[in-house]
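Note that my numbering has the sequence shown beginning at 97, numbered continuously upward.
Report on one structure; see the data block that follows.
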Amino acid sequence: EVEFQITLREQAALSITKQPDAFIYGNKFTLGTSGGSGNGLVTWEITDGNAVAEVDSKSGQVRIIGHGEATVQATKSGTDPGTGLTNYQDAVAFLTFTAEKKSVTAIVTADDKPYDTNTSATVHAVVEEGVLSGDEIIITGLTGEFGSADAGVDKTVNVDITGATITGKNSEHYSVSYS
Numbered sequence: 097e098v099e100f101q102i103t104l105r106e107q108a109a110l111s112i113t114k115q116p117d118a119f120i121y122g123n124k125f126t127l128g129t130s131g132g133s134g135n136g137l138v139t140w141e142i143t144d145g146n147a148v149a150e151v152d153s154k155s156g157q158v159r160i161i162g163h164g165e166a167t168v169q170a171t172k173s174g175t176d177p178g179t180g181l182t183n184y185q186d187a188v189a190f191l192t193f194t195a196e197k198k199s200v201t202a203i204v205t206a207d208d209k210p211y212d213t214n215t216s217a218t219v220h221a222v223v224e225e226g227v228l229s230g231d232e233i234i235i236t237g238l239t240g241e242f243g244s245a246d247a248g249v250d251k252t253v254n255v256d257i258t259g260a261t262i263t264g265k266n267s268e269h270y271s272v273s274y275s
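The structure is reproduced here in structure tokens:
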């Protein structure tokens, strides 16, 4: 009697589909796959950039939790879940992306003040829209100058943002502009 071996067959190429147009902090999306061979299940994992993204291992839903580079791996099993037979090698595909900071706009306001012969202004900046639940953006260090020291209404205030400091929970994942 002679024994022969049947080796596992390589699957057709696997690719990751349903990629979003942009990868931005706070976004959620569900990836898909095409290709591969057989009826094996697809599982997902983050292989690089765990501080940037999370993925559900079964559904492929990605949640971007930071900014920077991350890699998602999809693995299509060579085992048929219905029969338990393994006829194929696992097929693997990767998606590497760069998650960008979320853009938000801070509204800058100036306090009214009594006439005091100088142009200094007390200014504040607040982000009212676009901050994710649980996150916080605190802006300090802005300076301002009234266009003139004369009393009046609807005065122009020139704001200097060069000394601005942005703090708060997850504030590092935001790109702040001023209005």
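Even glycine gets a Cβ: it sits at the ideal position worked out from N, Cα and C.
What you are looking at is a predicted structure, and each value in this text was computed from that prediction instead of being measured.
Host beta strand (DSSP E) of residue i (start-end)
i      : result
Phe61  : An answer regarding residue 61 cannot be provided, because it is not within the stretch 97 to 275 covered by the chain.
Ile142 : Val138 to Asp144
Ala118 : Segment: none, Ala118 is in no beta strand (DSSP E) and carries neither H nor E.
Val223 : Val219 to Val223
Val249 : Val249 -> no beta strand (DSSP E), and no H or E assigned at all.
Val272 : Tyr270 to Tyr274
Ala260 : That residue, Ala260, is in no beta strand (DSSP E); it is neither H nor E in DSSP.
Phe193 : Ala187 to Ala195
Thr236 : Ile234 to Thr236
Beta-bridge partners of residue i, as assigned by DSSP
i      : result
Ala149 : Ile160
Lys209 : Looking at the DSSP assignment, Lys209 forms no beta bridge with any residue, so it has no partner.
Phe125 : Val158
Asp256 : Thr239
Phe111 : In the sequence under discussion, the amino acid at residue 111 is Ser, which differs from the Phe named in the question. Answer is Ser130.
Assigned exposure category for residue i - 16 Cβ within 10 Å defines buried
i      : result
Gln107 : buried
Gly128 : exposed
Leu238 : buried
Phe100 : exposed
Thr171 : buried
Ile235 : buried
Ile233 : buried
Val223 : buried
Ser155 : exposed
Ala147 : exposed
Gly248 : exposed
Residue closest to residue i, alpha-carbon to alpha-carbon, out of the options
i      : options                           : result
Ser133 : Arg105, Asp246 and Glu150         : Arg105
Ala118 : Gly240, Pro210, Ile160 and Asn183 : Ile160
Thr80  : Asn214, Gln185, Val168 and Val148 : No answer is possible for residue 80: the residues shown for the chain start at 97 and end at 275.
Gln157 : Gly264, Thr182, Thr103 and Thr113 : Thr113
Gly180 : Asn146, Leu137 and Thr258         : Leu137
Thr192 : Glu268, Gly174, Ala149 and Ser244 : Ala149
Asp186 : Gly264, Glu224 and Ala109         : Ala109
Ser244 : Thr263, Asn214 and Tyr184         : Asn214
Asp246 : Pro210, Gly264 and Asp231         : Pro210
Thr263 : Asp250, Gly248, Lys251 and Ala221 : Ala221
Beta-carbon spacing of residue i, residue j below 8 Å
i      : j      : result
Ala166 : Ala189 : no
Val255 : Val204 : yes
Val253 : Ala206 : yes
Ser130 : Trp140 : no
Gly240 : Ala217 : yes
Tyr334 : Ile257 : The question about residue 334 has no answer here: the residues shown for the chain are numbered 97 through 275.
Asn266 : Asp231 : yes
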